[in-house]
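Asker: Input: one structure, supplied below.
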Amino acid sequence: MARMHARRKGRSGSHRPLITENPEWVPLSSEEIEEKAVKMAKDGYTSARIGLVLRDQYAVPNVKLATGKTVTQIMVDNEVGPALPEDIANLMRKAINLNSHLSENRGDISNKRGLQLIESKIRRLERYYKSNGVLPMEWKYSIKNAELMLK
0 MARMHARRKG
10 RSGSHRPLIT
20 ENPEWVPLSS
30 EEIEEKAVKM
40 AKDGYTSARI
50 GLVLRDQYAV
60 PNVKLATGKT
70 VTQIMVDNEV
80 GPALPEDIAN
90 LMRKAINLNS
100 HLSENRGDIS
110 NKRGLQLIES
120 KIRRLERYYK
130 SNGVLPMEWK
140 YSIKNAELML
150 K
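In terms of numbering that gives the first Met the number 0, the sequence shown opens at residue 0 and continues consecutively.
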């Protein structure tokens, strides 16, 4: 598959091994995994960070195989999920940082193009999340609203 904003093809780096059930050597039960995920979510961890901590410190290779739910589903079920999806929030943070850089460096044309590409990704995700009911239909991206929401 081709890259989104480049004229070249590429493949992602590594792939998980194909396993269909939770390994027997996982030390935690599904309830303990959910408890730890909820505790970390209340402490302010993102779902990606929770997955990394569970993998590296608690030897849980795959939360979905162990519990039947993803980390984000666990967070939503326990009402500690984020207001915005994590991927769009990260892109908005990136756009805010790039916009502040461009306000100081007005002649930086390559980063202007980078900001345009980031904002197009945000708008594409916005359209996707609105069609799936994750974001309300009246939600609209702008750099000012992003600064208010994330800072």
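In this text, a Cβ means the ideal position worked out from N, Cα and C, and glycines have one as well.
Compute the beta-carbon to beta-carbon distance between I142 and N98, rounded to the nearest angstrom, for a pair I have assumed lies under 8 Å.
Answerer: Confirmed, about 5 Å.
Asker: Let's test the definition: count the other Cβ atoms within 10 Å of the Cβ of K63 and tell me whether it reaches 16, buried, or not, exposed.
Answerer: So K63 counts as exposed.
Asker: Consult DSSP for K63 and reduce its assignment to one of helix, strand or coil.
Answerer: Reduced to three states, the DSSP call for K63 is helix.
Asker: For R2, collect the residues of the same chain with a Cβ closer than 8 Å to its Cβ; drop the 5 residues on either side in sequence, then sort them by chain order.
Answerer: Counting only Cβ-Cβ distances below 8 Å, and skipping sequence neighbours, we find K8 and G9.
Asker: For I18, count neighbouring C-beta atoms within 10 Å of its own C-beta (all shown protein chains included) and say buried if the count is 16 or more, exposed if not.
Answerer: The residue in question, I18, is exposed, as its Cβ has fewer than 16 Cβ neighbours within 10 Å.
Asker: DSSP three-state call for K8: helix, strand or coil?
Answerer: Strand at K8.
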